[in-house]
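Chains as they are written, first to last, in my numbering: chain A, 6 to 226; chain B, 6 to 226.
Protein chains: 2
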Amino acid sequence: MTPHFVVATRPVNKPAFTRTDAEERRRLLIAAATRVLARDGASGASVRAIAQEAKVSPGLVTHHFGGIDALIAATYADVSAAVTAALDAAVAGAGDDPRARLSAYVAASFAPPIADRALLATWVAFWGLVIARDDVARLHDEQYAHFRGGIEGLLADCGVPPAACRRSAIAITALVDGLWLELCLSPEVFDAAEARAIAEAQIAALLDHQAQGERGEVQRD
Amino acid sequence: MTPHFVVATRPVNKPAFTRTDAEERRRLLIAAATRVLARDGASGASVRAIAQEAKVSPGLVTHHFGGIDALIAATYADVSAAVTAALDAAVAGAGDDPRARLSAYVAASFAPPIADRALLATWVAFWGLVIARDDVARLHDEQYAHFRGGIEGLLADCGVPPAACRRSAIAITALVDGLWLELCLSPEVFDAAEARAIAEAQIAALLDHQAQGERGEVQRD
DNA sequence: TTGCTTGTTGCACGATCGTATAGCAAGCAA
DNA sequence: TTGCTTGCTATACGATCGTGCAACAAGCAA
Numbered sequence: 006m007t008p009h010f011v012v013a014t015r016p017v018n019k020p021a022f023t024r025t026d027a028e029e030r031r032r033l034l035i036a037a038a039t040r041v042l043a044r045d046g047a048s049g050a051s052v053r054a055i056a057q058e059a060k061v062s063p064g065l066v067t068h069h070f071g072g073i074d075a076l077i078a079a080t081y082a083d084v085s086a087a088v089t090a091a092l093d094a095a096v097a098g099a100g101d102d103p104r105a106r107l108s109a110y111v112a113a114s115f116a117p118p119i120a121d122r123a124l125l126a127t128w129v130a131f132w133g134l135v136i137a138r139d140d141v142a143r144l145h146d147e148q149y150a151h152f153r154g155g156i157e158g159l160l161a162d163c164g165v166p167p168a169a170c171r172r173s174a175i176a177i178t179a180l181v182d183g184l185w186l187e188l189c190l191s192p193e194v195f196d197a198a199e200a201r202a203i204a205e206a207q208i209a210a211l212l213d214h215q216a217q218g219e220r221g222e223v224q225r226d
Numbered sequence: 006m007t008p009h010f011v012v013a014t015r016p017v018n019k020p021a022f023t024r025t026d027a028e029e030r031r032r033l034l035i036a037a038a039t040r041v042l043a044r045d046g047a048s049g050a051s052v053r054a055i056a057q058e059a060k061v062s063p064g065l066v067t068h069h070f071g072g073i074d075a076l077i078a079a080t081y082a083d084v085s086a087a088v089t090a091a092l093d094a095a096v097a098g099a100g101d102d103p104r105a106r107l108s109a110y111v112a113a114s115f116a117p118p119i120a121d122r123a124l125l126a127t128w129v130a131f132w133g134l135v136i137a138r139d140d141v142a143r144l145h146d147e148q149y150a151h152f153r154g155g156i157e158g159l160l161a162d163c164g165v166p167p168a169a170c171r172r173s174a175i176a177i178t179a180l181v182d183g184l185w186l187e188l189c190l191s192p193e194v195f196d197a198a199e200a201r202a203i204a205e206a207q208i209a210a211l212l213d214h215q216a217q218g219e220r221g222e223v224q225r226d
């Protein structure tokens with residue numbers, strides 16, 4: 006017996022969906038992709054999962070981004086910008102003392118929202134794309150150059166001679182990245198405070214060593 | 006018109022496949038998984054791709070490992086062991102001077118087969134699993150503890166006081182890992198020789214700084 | 001109220017995923 | 001040669017993947 010009426014699946018006066026400005030919708034999809042990437046990792050970030058997280062139809066991803074790859078790349082750019090903003094804000098709020106600004110940068114690297122297992126999942130997914138795709142590799146190179154440039158500036162303000170800035174910045178970037186990675190992967194080995202102390206000790210050693218080198222007391226390498 | 010005979014797809018006297026000892030076959034599958042992981046990354050490491058690389062039927066993966074996850078975990082253990090062996094061999098071949106042994110460790114970290122884009126792809130895939138799965142996370146913790154323990158021993162031989170060994174080892178591990186990661190991700194920014202020089206300069210600064218601290222000249226942190 | 005623009009839905013398509021299983025056959029033992 | 005053990009193949013299954021497309025409808029303009 007077929008019913009002669011259709012059961013309403015929603016209140017008749019409530020819209021089935023809300024139209025949104027294209028750019029705003031893109032932002033919402035990027036935000037959803039960020040959450041899914043953080044929660045389920047790279048393998049879980051499918052078109053359907055992201056669309057469900059954003060409470061929209063899967064077709065919208067193709068419509069606004071042309072494909073899942075472009076959405077992931079846009080998410081990479083967005084997360085990178087958020088990390089940069091968090092680090093810049095920490096440095097800007099540290100006052101005028103160059104050494105304090107450098108310490109603020111390091112401290113922010115090991116504090117939320119940067120030192121976060123969810124952010125690590127996002128970053129690992131991106132590294133996978135950096136290896137596999139040239140366009141994402143270019144995004145990474147730009148971001149890394151930007152990070153290193155920021156450290157170089159902070160080091161120059163601390164009195165590091167220009168000739169040593171580049172290698173010192175690479176060293177500190179690598180140190181912070183390595184500590185950040187292990188802090189997120191195995192939080193029980195050391196905590197954020199110890200990561201910060203380790204980084205500070207290394208930076209102090211680096212600056213002292215360079216100052217001695219300038220005075221001619223020690224000359225290695 | 007159906008032919009009255011069947012076309013032979015292979016010489017009648019040649020075996021269609023060769024039987025192999027179970028343990029040996031497991032090794033061959035792990036080797037194939039390593040190659041696929043390095044070539045195509047985590048997303049390309051499917052059962053079918055690995056089986057094709059090993060020139061066997063896909064069913065063999067399930068038969069010998071019970072599932073793709075166990076094969077990937079076994080591959081992780083195998084690659085970790087290979088890295089450990091390469092580092093140990095470099096240290097063992099460096100003679101008796103403690104400082105030279107530490108330098109050999111660092112140099113090996115930035116040379117083949119360790120500093121290799123293919124190995125990075127494998128490692129990134131593993132990190133994704135470390136985040137998603139507890140059993141792989143335990144594998145990682147064991148490996149990291151092993152690496153750090155090795156550095157701690159080398160540092161102790163270099164005269165670093167026991168109380169400082171732990172944090173110094175974490176610092177050097179993070180520094181080398183960070184340099185290794187960026188060296189593999191963006192080989193055009195700096196090369197292996199510069200990575201080695203940067204790491205050596207940091208280690209020199211660390212050891213000098215600690216020696217000064219012991220003599221009471223400087224006391225920070 | 002009417003019409004138009006376009007953001008959005010919902011479904012279908014082929015490809016590929018991991019896994020289970022029935023049966024074949026390689027190679028050793030007798 | 002015969003028989004047996006078991007490594008191995010081949011196939012099928014359901015689930016899920018990314019994408020394309022036609023129709024729908026929300027919301028503004030007139």
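Virtual Cβ for every residue (Gly too), placed ideally from N, Cα, C.
From a predicted model like this one, the values you see are computed outputs, not experimental measurements.
Considering Cα atoms alone, identify which of Q217(A), A206(A), I119(A) is closest to R172(B).
The residue given as residue 172(B) occupies position 167 in the second sequence. Among Q217(A), A206(A), I119(A), the Cα nearest to that of R172(B) is on A206(A).
Anything in the region 167-187 of chain A with a Cβ closer than 8 angstroms to a Cβ of chain B? List those residues in chain order, please.
Residues of the region 167-187 of chain A that bring their beta carbon within less than 8 angstroms of a beta carbon in chain B comprise R172, I175, A176, T178, A179, L180, V181, D182, G183, L184, L186, E187, in sequence order.
Apart from the five residues on each side of it in sequence, which residues of its chain come closer than 8 angstroms, Cβ to Cβ, to I119(A)?
Translated into positions along the first sequence, residue 119(A) becomes position 114. Result list for I119(A): V88, A91, L92, A113, W185, in chain order.
What residue ranges within the region 147-205 of chain B form continuous alpha helix (DSSP H) runs of no fewer than 4 residues, ordered along the chain?
Within the region 147-205 of chain B, the complete alpha helix (DSSP H) segments at least 4 residues long are 167-190, listed from N- to C-terminus.
Please decide whether V129(A) counts as near chain B, where near means a Cβ-Cβ distance under 7 angstroms.
To locate residue 129(A), count along the first sequence from 1; it is residue 124. V129(A) belongs to the set of residues whose beta carbon lies under 7 angstroms from a beta carbon in chain B.
CB contact check: V52(A) to chain B, cutoff 7 angstroms:
Taking the first sequence and counting its residues from 1, one reaches residue 52(A) at position 47. No, because no Cβ of chain B sits closer than 7 angstroms to the Cβ of V52(A).
Does the separation of the CB atoms of A174(B) and F115(B) fall below 7 angstroms?
For the purposes of this step, residue 174(B) is identified with residue 169 of the second sequence, where counting begins at 1. For the purposes of this step, residue 115(B) is identified with residue 110 of the second sequence, where counting begins at 1. The answer is no: Cβ separation not under 7 angstroms.
Give every residue of the same chain whose Cβ lies closer than 8 angstroms to the Cβ of P124(B), excluding the five residues on either side of it in the sequence, and list them in chain order.
Residue mapping note: residue 124(B) aligns to position 119 of the second sequence, counting from 1. Per the sequence shown, residue 124(B) should be read as Leu rather than Pro. By the criterion of a C-beta distance shorter than 8 angstroms, L124(B) is surrounded in its chain by A43, V84, V88, P118, C189, once the five residues flanking it on both sides are discounted.
Taking Cβ-Cβ distances below 8 angstroms as the criterion, which residues of the region 112-144 of chain A are in contact with chain B?
Residues of the region 112-144 of chain A with a Cβ closer than 8 angstroms to any Cβ of chain B, in chain order: R122, L125, A126, V129, A130, W132, G133, V135, I136, A137, A142.
Between L107(B) and chain A, is the shortest Cβ-Cβ distance under 7 angstroms, so that the two count as touching?
As a working note, residue 107(B) is residue 102 in the second sequence. It does not; no Cβ of chain A falls within 7 angstroms.
Minimum Cβ-Cβ distance from Q148(B) to chain A less than 7 angstroms
Walking along the second sequence from the start, residue 148(B) turns up at place 143. Q148(B) does not count as touching chain A.
Q224(A) at chain B interface by Cβ criterion, 7 angstroms:
Numbered from its first residue, the first sequence carries residue 224(A) at position 219. Any answer about Q224(A) is weak, because its pLDDT of 44 lies below 50 and its placement is not dependable; what the coordinates show is given next. Against chain B, the CB of Q224(A) has no partner CB under 7 angstroms away; the residue lies outside that interface.
Beta-carbon neighbours of D196(A), restricted to chain B and to distances below 8 angstroms:
Start at 1 with the first residue of the first sequence, and residue 196(A) comes out as number 191. The CB of D196(A) never comes closer than 8 angstroms to any CB in chain B; the least such distance is about 12 angstroms.
Separation of A21(B) from P8(B), as counted between CA atoms:
Stepping through the second sequence from its first residue, residue 8(B) is reached at position 3. Stepping through the second sequence from its first residue, residue 21(B) is reached at position 16. Only weak support is given to the placement of P8(B): the predicted model assigns it a pLDDT of 44, under 50, and the question is left unresolved by the model.
By a C-beta neighbour count over all protein chains shown, 10 Å radius and 16 as the cutoff for buried, is D26(B) buried or exposed?
On the second sequence, position 21 is the one that residue 26(B) refers to. Exposed.
Going residue by residue through the region 71-137 of chain B, where are the continuous alpha helix (DSSP H) segments of at least 4 residues, counting only ones entirely within it?
Note on the region 71-137 of chain B: whole alpha helix (DSSP H) runs with a minimum of 4 residues are 73-97, 103-114, 122-137, in chain order.
If we ignore side chains and look at the alpha-carbon of each, how far apart do G158(A) and D121(A) end up?
On the first sequence, position 153 is the one that residue 158(A) refers to. On the first sequence, position 116 is the one that residue 121(A) refers to. Taking C-alpha positions only, G158(A) is separated from D121(A) by approximately 26 angstroms.
Rounded Cβ spacing between I136(B) and A126(A) (contact assumed at less than 8 angstroms):
As a first step, residue 136(B) must be located in the second sequence, where it is residue number 131. As a first step, residue 126(A) must be located in the first sequence, where it is residue number 121. About 5 angstroms separates the beta carbon of I136(B) from that of A126(A), a gap short enough to meet the 8 angstroms contact definition.
Looking at the structure shown, is D26(A) part of a helix, part of a strand, or coil, going by DSSP?
By 1-based counting over the first sequence, the position of residue 26(A) is 21. Of the three classes helix, strand and coil, the one that applies to D26(A) here is coil, per DSSP.
Contact between the region 34-54 of chain A and the region 66-80 of chain A (3+ Cβ pairs under 8 angstroms):
A contact exists between the region 34-54 of chain A and the region 66-80 of chain A.
Just verifying my parser: in three-state terms, what is the DSSP assignment at V41(B)?
By 1-based counting over the second sequence, the position of residue 41(B) is 36. Helix.
Compute the beta-carbon to beta-carbon distance between P103(A) and C170(A), rounded to the nearest angstrom, for a pair I have assumed lies under 8 angstroms.
Here residue 103(A) is taken as the residue at index 98 of the first sequence, counted from 1. Here residue 170(A) is taken as the residue at index 165 of the first sequence, counted from 1. That belief does not hold up - the Cβ atoms of P103(A) and C170(A) are roughly 13 angstroms apart, past 8 angstroms.
Compute the Euclidean distance between the alpha carbons of T39(A) and I55(B), then round it to the nearest angstrom.
Counting from one through the first sequence, the residue named residue 39(A) turns up at place 34. Counting from one through the second sequence, the residue named residue 55(B) turns up at place 50. Going by the C-alpha atoms only, they are around 30 angstroms apart.
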